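Trainee: Start counting the sequence shown at 1; every next residue gets the next number (full-length UniProt numbering).
For glycine and all other residues, C-beta sits at the position ideal for the given N, C-alpha and C.
All of these numbers come straight from a predicted model, not from anything done at the bench.
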Amino acid sequence: MTHRRAHIYRETSESTVDVAIDLDGAGESTISTGVGFYDHMLTTLSKHSGIDMTITTTGDVE
1 MTHRRAHIYR ETSESTVDVA IDLDGAGEST ISTGVGFYDH MLTTLSKHSG
51 IDMTITTTGD VE
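Right, here's the structure in full:
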């Protein structure tokens, strides 16, 4: 079975967002949004759903 994966990259003058997910993963994640609680919630979602997530954001967080 092939893995169901997606990768999105977006860059604006204010921020950069890079997201990769694997719906058939093992619940592993590397998340850095600049907002600690948001990182925690996405990590928890990844772990309990079994979805691999790699999320990196930089720039304006307000």
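How far does the beta strand (DSSP E) with T54 in it reach, from first residue to last?
Mentor: First-last of the beta strand (DSSP E) with T54: 52-59.
Trainee: Out of curiosity, what's the CA-to-CA distance linking M1 and I51?
Mentor: Those two C-alpha atoms are separated by around 16 Å.
Trainee: Where do the ends of the alpha helix (DSSP H) carrying D39 lie?
Mentor: Here the alpha helix (DSSP H) through D39 covers 36-49.
Trainee: Going by CA-CA distance only, name the one from T58, T43, G34 that's closest to I21.
Mentor: Here the closest residue by C-alpha is T43.
Trainee: I'd like the span of the beta strand (DSSP E) that includes R4, first residue to last.
Mentor: Note, R4: premise wrong, no beta strand (DSSP E); not H, not E.
Trainee: From D24 to G59, what does the alpha carbon distance come to, in whole angstroms?
Mentor: When rounded, the distance between both Cα atoms is 30 Å.
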